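>
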Amino acid sequence: MKIHVNREKCQGHNRCYALAPELIDVDDLGSAFEIGDGQVPAELEDKAQLVADNCPEYAIELSD
Ligand code: SF4
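Residue numbers (our numbering): 301 to 364.
1) The beta strand (DSSP E) spanning E361 covers which residue range?
2) By DSSP, does E343 sit in helix, in strand, or in coil?
3) Identify, in the order they occur along the chain, each residue of the same chain with its Cβ nearer than 6 Å to the Cβ of H304, setting aside the five sequence neighbours on each side.
4) Just verifying my parser: in three-state terms, what is the DSSP assignment at A318?
Structure, rendered in structure tokens:
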């Protein structure tokens with residue numbers, strides 16, 4: 301699984317970063333972005349889904 305933040309949709313609530321700092325970081329303006337190439341370790345896949353479900357802007361995309 302890969303995680304990707306669509307930065308055009310992100311409004312910087314930082315909810316994702318609070319939930320999963322292992323997967324998401326935020327820049328100086330508060331916009332979120334995926335760490336590294338966005339590859340999600342198997343043990344964090346449930347957390348990645350939780351983060352995607354909790355983004356109010358639907359800015360977090362998951363792919364296989
Ligand atoms: S929860 Fe969504 S809108 Fe908020 S910072 Fe994360 S990606 Fe951006």
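We put the CB at the ideal spot given by N, CA and C, even for glycine.
Nothing here was measured: the structure is a model prediction, and the numbers come from that model.
Taking the geometry as given:
1) Taken as a continuous stretch (DSSP letters only), the beta strand (DSSP E) holding E361 covers I360 to S363.
2) Helix at E343.
3) Cβ within range, chain order: E334, G338 and E361.
4) Three-state result, A318: helix.
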